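Participant: Taken in order, the sequence shown gives residues 18 to 215; the numbers are from our numbering. Glycine included, each C-beta is placed from N, C-alpha and C at the ideal position. Source: prediction; values computed, not measured. Provided herewith is a single structure, encoded as structure tokens, for subsequent inquiry.
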Amino acid sequence: MPVGTAEFVGAIANPGQPPPDTLPEIAVAGRSNVGKSSLINALLGRKKLARVSKDPGRTREINFFRIDDRWLLVDLPGYGYAKVSKEVQRRWVPLMEAYLKNNPRLLGLIVLIDSRHGATKTDSRLIEFLGDIGVPVLFVLTKIDKLNRAGRARAVVKLREQLDLPEDQVLATSARTKEGTLELLESLEHLLDAETSG
Ligand SMILES: Nc1nc2c(ncn2[C@@H]2O[C@H](COP(=O)(O)OP(=O)(O)OP(=O)(O)O)[C@@H](O)[C@H]2O)c(=O)[nH]1
Ligand SMILES: [Mg+2]
């Protein structure tokens with residue numbers, strides 16, 4: 018189902034800061050430069066709603082986008098980019114912990130993994146942390162336009178094996194060609210429907 022309205026409603030820069038809205042949330046997490054902001058724009062059919070950086074590690078705040086006045090899509094700051102200063106890296110953990118822990122509005126997380134690289138050590142640490150929180154996680158491979166057909170299939174199988182995931186927990190997408198974005202929106206709809214139907 019295509020998205021109707023989408024608007025930026027605000028950002029959180031410090032732990033403990035209240036969110037700009039109280040609708041149910043689905044958040045997008047992943048390494049710096051993996052394509053979080055690009056995928057959000059592709060999903061919402063907007064070119065420049067979420068800021069895409071030439072310069073990795075730019076999104077340092079938690080950004081909230083209100084969709085159809087019904088739910089929030091949340092762009093989380095990326096992790097694991099070596100060139101980002103130690104100071105910025107240090108601030109990431111408490112900001113993410115404060116957001117993810119005890120957040121009753123958070124319906125689910127989308128964890129993005131670069132289809133060319135698979136899950137890295139830092140991804141595994143995030144995934145472990147998310148396991149403790151207990152929210153549903155959907156794994157999404159990004160930038161599949163950079164792989165040929167065989168490479169795509171291999172990337173999906175590799176990730177499923179790496180993380181021991183069932184078939185329906187992994188999607189392959191490209192923000193450039195929009196492949197996989199309708200399937201992803203459908204999965205998000207299921208998550209939202211499950212919530213709103215009690
Ligand atoms: N070919 C291709 N390039 C992509 C795709 N998605 C993102 N990119 C490129 O990858 C780079 C990073 O994209 P972003 O969307 O800014 O990544 P991000 O995860 O939001 O990065 P941070 O905000 O720094 O954590 C940009 O140069 C994008 O143009 C894709 O599906 N295909
Ligand atoms: Mg970003």
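Three or more beta-carbon pairs under 8 Å between the segment 136-152 and the segment 164-171, yes or no?
Facilitator: No, they do not touch.
Participant: Please list, in chain order, all residues of the same chain as P111 whose beta carbon is under 7 Å from its beta carbon, the five residues on each side excluded.
Facilitator: Taking the sequence shown and counting its residues from 1, one reaches residue 111 at position 94. Closer than 7 Å at the Cβ level, and outside the excluded window around P111, lie P32.
Participant: Just to confirm before moving on: does the CB-CB distance between I57 and W88 stay below 9 Å?
Facilitator: By 1-based counting over the sequence shown, the position of residue 57 is 40. By 1-based counting over the sequence shown, the position of residue 88 is 71. Their beta carbons are not under 9 Å apart, which means I57 does not touch W88 by this criterion.
Participant: Between which two residues does the alpha helix (DSSP H) carrying L112 extend?
Facilitator: Taking the sequence shown and counting its residues from 1, one reaches residue 112 at position 95. Counting along the chain, the alpha helix (DSSP H) containing L112 begins and ends at 103-117.
Participant: Whole angstroms are fine: how far does the CA of E114 sit from the CA of V152?
Facilitator: On the sequence shown, position 135 is the one that residue 152 refers to. On the sequence shown, position 97 is the one that residue 114 refers to. The straight-line gap from Cα to Cα measures roughly 14 Å.
Participant: What do you reckon, are the CB atoms on V173 and L155 nearer than 9 Å?
Facilitator: Taking the first residue of the sequence shown as 1, we reach residue 173 at position 156. Taking the first residue of the sequence shown as 1, we reach residue 155 at position 138. Taking 9 Å as the Cβ cut-off, V173 and L155 do not qualify as a contacting pair.
Participant: Would you tell me roughly how many angstroms separate the C-alpha atoms of K53 and L126, rounded to the nearest one?
Facilitator: As a first step, residue 53 must be located in the sequence shown, where it is residue number 36. As a first step, residue 126 must be located in the sequence shown, where it is residue number 109. The straight-line gap from Cα to Cα measures roughly 12 Å.
Participant: Quick one, are the C-beta atoms of L208 and L124 less than 9 Å apart?
Facilitator: To locate residue 208, count along the sequence shown from 1; it is residue 191. To locate residue 124, count along the sequence shown from 1; it is residue 107. It is a contact, given that the beta carbons lie within the stated cut-off.
Participant: Taking the DSSP output, what are the residues bridged to I127?
Facilitator: Within the sequence shown, the letter at position 110 stands for residue 127. Answer by DSSP bridge pairing, in chain order: V45, L155.
Participant: Can you tell me whether N119 is buried or exposed? The criterion is at least 16 other CB atoms within 10 Å of its CB, across all chains shown.
Facilitator: Taking the sequence shown and counting its residues from 1, the one referred to as residue 119 is at position 102. By the neighbour-count rule (16 or more Cβ atoms within 10 Å), N119 is not buried but exposed.
Participant: State the DSSP-derived secondary structure class of D210, mapped to helix, strand or coil.
Facilitator: To locate residue 210, count along the sequence shown from 1; it is residue 193. Reduced to three states, the DSSP call for D210 is helix.
Participant: Given that a residue counts as buried once 16 or more other Cβ atoms are within 10 Å of its Cβ, and exposed if not, what is R142?
Facilitator: Indexing the sequence shown from 1 puts residue 142 at position 125. Exposed, since its Cβ has fewer than 16 Cβ neighbours within 10 Å.
Participant: Could you compute how far the alpha carbon of R107 sits from the alpha carbon of L93?
Facilitator: Residue mapping note: residue 107 aligns to position 90 of the sequence shown, counting from 1. Residue mapping note: residue 93 aligns to position 76 of the sequence shown, counting from 1. Going by the C-alpha atoms only, they are around 15 Å apart.
Participant: If L188 and E200 are in contact, beta carbons under 8 Å, what's the gap, nearest whole angstrom?
Facilitator: Along the sequence shown, read from residue 1 onward, the residue named residue 188 stands at position 171. Along the sequence shown, read from residue 1 onward, the residue named residue 200 stands at position 183. That pair is a contact at about 6 Å.
Participant: Just the Cα atoms here: how many angstroms apart are Q34 and N165?
Facilitator: In the sequence shown, counting from the first residue as 1, residue 34 sits at position 17. In the sequence shown, counting from the first residue as 1, residue 165 sits at position 148. Q34 and N165: Cα-Cα distance of roughly 44 Å.
Participant: Shorter than 8 Å, the distance from the beta carbon of D185 to the closest heavy atom of ligand 1, or not?
Facilitator: Numbered from its first residue, the sequence shown carries residue 185 at position 168. The answer is no for D185.
Participant: Over the uninterrupted alpha helix (DSSP H) stretch that includes E196, give me the two end residues.
Facilitator: Numbered from 1 along the sequence shown, position 179 holds the residue referred to as residue 196. Element bounds for E196: n/a, residue is neither H nor E.
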